[in-house]
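S.K.: The structure under discussion is supplied below as structure tokens; questions concerning it will follow.
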Amino acid sequence: MIELFVALLLVPASVITIWDLMMHRLAPSARKLTRLTGYIGVPVHELSHALVCVLFGMRITKMAFYQPNSATGTLGFVEYRYSPYSMKHALGMALQGIAPLLAGAVIVGLLLANRGPAELPDSGVGHIVGWLGGVVVGTALAAWAQAMTGPVGLGAVLLATIISMHAIPSLADIKSGLRGLIVLVGFAAAVAVAIDLFWVYGPDVGKDLDSIVRVVTLQIERGMWAALYGAVSLVTLTILGGLALIVIPSLCLQVVQFIRGARGDI
1 MIELFVALLL VPASVITIWD LMMHRLAPSA RKLTRLTGYI GVPVHELSHA
51 LVCVLFGMRI TKMAFYQPNS ATGTLGFVEY RYSPYSMKHA LGMALQGIAP
101 LLAGAVIVGL LLANRGPAEL PDSGVGHIVG WLGGVVVGTA LAAWAQAMTG
151 PVGLGAVLLA TIISMHAIPS LADIKSGLRG LIVLVGFAAA VAVAIDLFWV
201 YGPDVGKDLD SIVRVVTLQI ERGMWAALYG AVSLVTLTIL GGLALIVIPS
251 LCLQVVQFIR GARGDI
């Protein structure tokens, strides 16, 4: 389960970082369009952070839904205060790391009428890779089917793509998520030790606690798989959207400019 959480934080961000570097090399205008789409995508990203702060009692000190900063590269931010001794705040910080992913996945699922994974993959690298490939194909097919329904469907796909492009965790999100995860892992270790002690000194109580922990852990793991499904869908839409909205138009423009330059003024 910890591996799933780390994957949610690092894998989408790593893939999109590499994709952004490639896209900016292919399309010099990519950064301008990223800022333009940020008018819609960034407020959704920052609202998800603000919602987590409210739900977990972390006081927001400063917030900007859209405020591009060329020096830092940020498009918006939510600053908040937390207590390092609060388990509630630790959980909130862990969720801060994946909040944009969760919010984006829910919105995209609704816009594409995509219900999510029907079943979880079996254990093993091959099964998981096959499952991830199915998510990519399923997302692309769902976007195509929705776009073919008419102007409203096409608008829904465009909106989902724009939101996806700004739903990937930033470096600050990753740091926050990992910081909260470290505290939660320590707490989980303490719970595991407590259950072992109950098994020794109170077998009945230990058995009951163990059953509760197993059920809760299973439900959390299912939720993490659903979140991973959403993250892969977001990455898929981001790459497809980058190709359709940025790379291909930019390459076409460069070809036209090259042809005009080769022909010269007539």
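Take 1 as the starting number for the sequence shown in full-length UniProt numbering and just add one per residue. The beta carbon of each residue, even a glycine, is placed where N, CA and C say it ideally should be.
#1: Is the beta carbon of Gly97 closer than 8 Å to that of Val44?
#2: Between Trp131 and Val137, what straight-line distance do the alpha-carbon atoms span, to the nearest angstrom?
#3: Spell out the partners DSSP gives Ala64 in its beta bridges.
#4: Curious, which full-length alpha helix (DSSP H) runs of at least 4 residues does the region 102 to 169 contain?
#5: Indicate the three-state DSSP secondary structure (helix, strand or coil) for Ala71 in the structure shown.
#6: Hey, Leu75 and Val42 are a contact pair by Cβ (cut 8 Å); roughly how many whole angstroms apart?
#7: Rounded to whole angstroms, how far is the Cβ of Leu101 from the Cβ of Ala167, which I believe are closer than 8 Å?
#8: For Met58, which residues from the same chain have a beta carbon less than 7 Å from its beta carbon, with the 5 sequence-adjacent residues on both sides left out?
#9: Out of Glu46, Leu111, Trp225, Gly126, state which residue places its alpha-carbon closest to the alpha-carbon of Pro169.
#10: Considering only residues of the same chain and omitting the five flanking positions on each side of Gln146, which have a CB-CB separation below 7 Å?
#11: If you measure between the beta carbons of Leu240 and Ala142, is that distance less than 8 Å?
#12: Near Tyr66, which residues of its chain fall below 7 Å by C-beta distance, leaving aside the five closest residues on each side in sequence?
#13: So the candidates are Gln257, Met165, Val15; which of them puts its Cα closest to the Cα of Arg35?
#14: So is the beta-carbon of Ile212 under 7 Å away from any non-hydrogen atom of the ligand SAH?
M.R.: Let's see:
#1: Stepping through the sequence shown from its first residue, residue 44 is reached at position 44. Stepping through the sequence shown from its first residue, residue 97 is reached at position 97. No.
#2: Here the question's residue 131 lines up with position 131 in the sequence shown. Here the question's residue 137 lines up with position 137 in the sequence shown. Cα to Cα, Trp131 sits roughly 10 Å from Val137.
#3: By one-based count along the sequence shown, residue 64 stands at place 64. Looking at the DSSP output, Ala64 sits in a beta bridge with Phe77.
#4: As for any alpha helix (DSSP H) of minimum length 4 sitting wholly inside the region 102 to 169, the runs are 125 to 147, 151 to 165, ordered along the chain.
#5: Within the sequence shown, numbered from 1, the residue matching residue 71 stands at position 71. Correct three-state label for Ala71: coil.
#6: Residue 75 sits at position 75 when you count from the first residue of the sequence shown. Residue 42 sits at position 42 when you count from the first residue of the sequence shown. With 8 Å as the limit, Leu75 and Val42 qualify as a contact, their Cβ atoms being about 5 Å apart.
#7: Taking the sequence shown and counting its residues from 1, one reaches residue 101 at position 101. Taking the sequence shown and counting its residues from 1, one reaches residue 167 at position 167. Yes, Leu101 and Ala167 are in contact; Cβ-Cβ is about 6 Å, under 8 Å.
#8: Residue 58 sits at position 58 when you count from the first residue of the sequence shown. These residues qualify, in order along the chain: Tyr80, Arg81, Tyr82, His89, Gly92.
#9: By 1-based counting over the sequence shown, the position of residue 169 is 169. Of the candidates Glu46, Leu111, Trp225, Gly126, the one whose C-alpha sits nearest the C-alpha of Pro169 is Glu46.
#10: Start at 1 with the first residue of the sequence shown, and residue 146 comes out as number 146. Contacts found: Leu112, Ala113, Gly153, Ala156, Val157.
#11: Your numbering for residue 240 matches position 240 in the sequence shown. Your numbering for residue 142 matches position 142 in the sequence shown. Against a cut-off of 8 Å, the Cβ pair of Ala142 and Leu240 comes out as no contact.
#12: The residue you call residue 66 lines up with position 66 of the sequence shown. Within the same chain, Cβ atoms closer than 7 Å to the Cβ of Tyr66 are found at Gly38, Tyr39, Val42, Pro43, Leu75, Gly76, the five residues on either side in sequence being excluded.
#13: Taking the sequence shown and counting its residues from 1, one reaches residue 35 at position 35. Taking the Cα of Arg35 as reference, the smallest distance to any Cα among Gln257, Met165, Val15 is reached at Met165.
#14: This structure lacks the ligand SAH; in fact it carries no ligand of any kind.
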